[in-house]
Every structure is written in C-alpha cells, then in structure tokens.
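Visitor:
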Amino acid sequence: MVGKADRLIAPDAQGIARAAELLSAGELVAVPTETVYGLAARADSAEAVAKIYRTKGRPDFNPLIVHVATLAQAEQLALFDERGLRLAEAFWPGPLTMVLPARAESSIAPAVSAGLPTIAVRCPGHPVMVQLLEAVGLPLAAPSANRSLGVSPTRPDHVRESLGDGCPPILDGGACAMGLESTIVALRDDGGWSLLRPGPVERRAIESIVGPQSASSGAKIEAPGQMRKHYSPGKPVRLDAREAAAGEFLIGFGAIAGSTNLSPDGDLAEAAARLYQCLHEAAAAPQKRIAVAPIPHEGMGEAIADRLRRAAA
Ligand code: AMP
Ligand code: MG
14 MVGKADRLIA PDAQGIARAA ELLSAGELVA VPTETVYGLA ARADSAEAVA
64 KIYRTKGRPD FNPLIVHVAT LAQAEQLALF DERGLRLAEA FWPGPLTMVL
114 PARAESSIAP AVSAGLPTIA VRCPGHPVMV QLLEAVGLPL AAPSANRSLG
164 VSPTRPDHVR ESLGDGCPPI LDGGACAMGL ESTIVALRDD GGWSLLRPGP
214 VERRAIESIV GPQSASSGAK IEAPGQMRKH YSPGKPVRLD AREAAAGEFL
264 IGFGAIAGST NLSPDGDLAE AAARLYQCLH EAAAAPQKRI AVAPIPHEGM
314 GEAIADRLRR AAA
C-alpha cells in the first residue's frame with residue numbers, strides 16, 4: 014500500500030536545504046541517485062549510521078557505500094593510487110563504487126565499513142543528489158532504501174512500501190535512470206583488482222582503464238554482504254522461462270511478451286532500468302509465482318543476471 018505523500022520532499026532549493034538540515038542533525042533521508050534510492054545518513058556519526066542498519070534490518074557485517082560530492086572529498090577518506098584516479102576521471106560522477114584502503118585519520122564512523130580497513134566510495138551523478146551533497150558538505154553513507162534482502166527501490170513509492178512505518182522523509186528525484194546498483198570494483202595493493210558487484214559500468218569499460226582482471230584477483234578480497242539471496246520479491250522466481258506456467262506472473266524480455274516486459278525491443282539498458290519496477294509489479298500481482306524470460310548475459314546483462322540469480326535464490 015502506498016503511504017502518505019507528506020513524507021515527500023520536493024527537489025527544489027528549499028527541499029534540498031531541508032533534507033541537508035535533517036541529515037546534518039543526524040536524521041535519515043531517502044535520497045535519489047541514478048542507480049536506486051538510497052537511505053542516507055551522515056557517515057561521520059555512529060548514531061546516524063546505526064539508524065540505517067536499524068531501519069533496514071541490515072546485518073552489521075554488511076558495509077555501506079559512502080557518497081561524496083567530489084574526488085577531492087573522496088581523497089580525504091580513502092587512499093587513491095593512479096588506477097583509482099583514472100577510474101574516477103573516467104566514471105565519476107556516475108554509477109561506479111571503488112573499494113580502497115581507508116585513511117585511518119578520517120572521521121568516518123567505523124560501522125560504515127563494518128570494521129574493515131577499506132572503504133567503499135562513490136561520487137553519484139543524479140543532479141538532486143549532487144546538490145544535496147554540496148548543500149550538506151559531509152560524506153553520506155547510503156545503502157539502498159529498502160528492507161534488507163528486499164527488492165531495491167527505483168521510485169519514491171517503492172521506498173515507502175518497503176520501509177513502511179519506519180520510512181524517513183524522501184527527497185523526490187523521480188524514477189532512477191539506471192535502476193541497478195552501482196558497479197563495485199576493489200583495487201588491491203598488489204596491482205590486481207576485482208569486480209565485487211557487476212553494475213551499470215560494464216566490466217569491459219573498467220578493463221579498458223585498468224587492464225584485465227588477473228586470474229588470481231578476487232579470491233582474497235572480501236565482499237561482505239553480497240548475499241546469495243537478495244532482491245527478494247517474496248515469491249518463488251523461475252529463470253529462463255519461455256512462457257508462463259499456470260499461476261506464474263511472467264516478466265518478459267524482447268519477443269517473449271510476458272505479463273509485463275523488461276524491454277520489448279530487447280534493450281539491456283532499458284531492461285536494467287525496469288528490472289526492479291517489474292519485480293515490484295510481480296510482487297504485487299495476484300499470481301503466487303514469478304517467471305522471468307531469458308536475458309543475454311553480456312554487457313549490462315551481467316549485472317541483470319546477477320540480480321535475478323539472487324532474486325531466485
Ligand atoms: P548496498 O549499499 O546495499 O548497495 O551494498 C553495498 C555493498 O558494498 C555491500 O554489500 C558490500 O558488498 C560492498 N562494500 C561496501 N564496503 C565495502 C568494503 N569496504 N569492502 C568490500 N565490499 C564493500
Ligand atoms: Mg541494497
């Protein structure tokens with residue numbers, strides 16, 4: 014059920030100032046980004062960060078991404094080598110998160126990184142989020158604004174539905190353009206790197222900047238919180254379905270029409286942008302089960318397949 018509209022904050026100068034005020038005071042605000050809606054708190058306050066974990070029901074071993082306005086601000090929190098600087102130049106602002114060694118002297122609350130010596134940082138590109146980060150002048154910790162393990166929100170009403178009574182004010186930035194969480198890359202000290210989470214910035218785009226991921230990379234990097242079961246619509250999900258069985262809501266793709274369709278033209282960027290919207294629709298439908306048409310796994314399809322696998326787990 015859709016909650017009260019009075020939790021919405023308009024994305025104008027006054028609204029952004031109000032959201033910045035709440036965040037400065039240690040309150041939570043749900044914020045728009047180009048990936049999904051985030052549940053933001055000032056990252057330098059242990060109490061504010063604790064509210065994120067509490068509101069989401071998120072396990073405390075699952076660290077948070079810190080959002081900043083500029084590379085300079087990110088450099089106050091994390092140690093960038095030349096590869097990190099090149100990636101920032103290529104993809105920031107945008108949907109790329111980098112896991113880097115944390116600066117010990119930074120003021121980030123330890124719970125943000127769940128006690129790890131690293132920190133995940135991102136400079137988002139959504140114009141409302143950019144203005145908010147500039148107005149608040151602080152790094153903001155923000156995971157997706159849904160109950161832990163649920164489907165990520167790509168519209169304000171998804172946030173309200175998922176968080177229910179615990180929902181904080183939502184800064185209204187409309188529907189998220191990308192609709193999938195950021196790509197997460199960990200840069201290792203030994204020169205290797207790992208793709209911890211596929212996302213809108215495709216693997217090959219990262220390889221074009223930092224070279225191929227070496228065969229050994231990945232084994233040693235911890236990606237806590239990348240749960241096998243995640244993005245759950247609360248119903249069984251069957252993948253690679255060419256038609257709906259009795260009692261199934263079919264999420265189609267391309268020529269497989271379905272009850273709804275990720276992208277009738279078979280466009281993977283459109284499919285990514287619509288994935289969670291379709292999962293929310295499927296969750297709300299009368300059918301007790303969900304089926305999803307086959308999706309090519311290349312390019313952006315790698316990230317879509319990753320999310321679908323976890324939704325089906
Ligand atoms: P979310 O904010 O829900 O999109 O999830 C953020 C994800 O980033 C977590 O599930 C972790 O897997 C990953 N992450 C955040 N910080 C770190 C870190 N310091 N090291 C490795 N992975 C991280
Ligand atoms: Mg999440």
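Here my numbering runs 13 ahead of the position in the sequence shown, where the first position is 1. Cβ atoms here follow ideal geometry from the backbone N, Cα and C, with glycine treated the same way.
Whose CB is closer than 7 Å to a heavy atom of ligand 2? List the residues in chain order.
Guide: Residues flagged by the Cβ proximity filter: Pro156, Ser157, Asn159, Ser165 and Glu194.
Visitor: Using 8 Å as the cut-off, classify the Cβ of Gln239 as near or not near the heavy atoms of ligand 1, replying yes or no.
Guide: yes
Visitor: Just the C-alpha distance for Phe262 and Pro156, rounded to the nearest angstrom, thanks.
Guide: 29 Å
Visitor: Please state if the CB of Gly212 and the CB of Met142 are separated by a distance shorter than 9 Å.
Guide: no
Visitor: From the DSSP output, in three-state form, read off Arg287 for me.
Guide: helix
Visitor: Who pairs with Met111 in a beta bridge, going by DSSP?
Guide: Val134 and Val198
Visitor: Can you name, in chain order, every residue of its own chain whose Cβ lies under 7 Å from the Cβ of Ser119, other than the five neighbours on each side?
Guide: Gln89 and Leu90
Visitor: State yes or no: is the C-beta of Ala326 within less than 9 Å of the C-beta of Lys248?
Guide: no
Visitor: At 4 residues or longer, what runs of the alpha helix (DSSP H) sit wholly inside the segment 216-273?
Guide: Counting only runs that start and end inside the segment 216-273, the alpha helix (DSSP H) elements of at least 4 residues fall at 216-223.
Visitor: Kindly identify the DSSP beta-bridge partner or partners of Gly163.
Guide: Ser245
Visitor: In the structure shown, what three-state DSSP assignment does Arg20 receive?
Guide: helix
Visitor: Give the DSSP-derived three-state secondary structure of Arg116 in the structure shown.
Guide: coil
Visitor: In whole angstroms, what separates the C-alpha of Ala199 from that of Ala63?
Guide: 25 Å
Visitor: Give me the Cα-Cα distance between Thr167 and Arg71, rounded to the nearest whole angstrom.
Guide: 19 Å
Visitor: Would you decide whether Phe74 is buried or exposed? Buried here means 16 or more other CB atoms lie within 10 Å of its CB.
Guide: exposed
Visitor: CA-CA distance, Ala232 and Asp203?
Guide: With a pLDDT of 49 at Ala232, under the threshold of 50, the modelled position of that residue is not reliable, and no figure is offered here.
Visitor: If you reduce the DSSP assignment to three classes, tell me which class Ser58 lands in.
Guide: coil
Visitor: Are Leu402 and Ala133 closer than 9 Å when you measure CB to CB?
Guide: Residue 402 is absent from the model: the chain starts at 14 and stops at 326.
Visitor: Is DSSP giving His310 helix, strand or coil here?
Guide: coil
Visitor: Out of Val44, Val79 and Arg216, which one is the CA nearest neighbour of Ile123?
Guide: According to the sequence shown, residue 123 is Pro rather than Ile. Among Val44, Val79 and Arg216, the Cα nearest to that of Pro123 belongs to Val79.
Visitor: With a threshold of 8 Å, establish whether the CB of Leu209 neighbours any heavy atom of ligand 1.
Guide: yes
Visitor: Nearer than 8 Å: is that true of the beta carbon of Pro76 relative to any heavy atom of ligand 3?
Guide: Ligand 3 is not part of this structure, which contains only ligand 1 and ligand 2.
Visitor: Kindly examine ligand 1 and report whether one of its heavy atoms sits closer than 8 Å to the Cβ of Ser119.
Guide: no
Visitor: Nearest CA to the CA of Glu194: which residue from Pro45, Leu21, Ile264 and Glu34?
Guide: Pro45
Visitor: Does the Cβ of Ser221 have 16 or more other Cβ atoms within 10 Å, making it buried, or fewer, making it exposed?
Guide: exposed
Visitor: Buried or exposed for Asp319, please, with buried defined as at least 16 other CB atoms from any protein chain shown within 10 angstroms of its CB.
Guide: buried
Visitor: In chain order, what residues of the same chain lie with their CB nearer than 7 Å to the CB of Leu288, ignoring the 5 residues before and after it?
Guide: Gly192, Leu193, Leu275, Ile317 and Arg320
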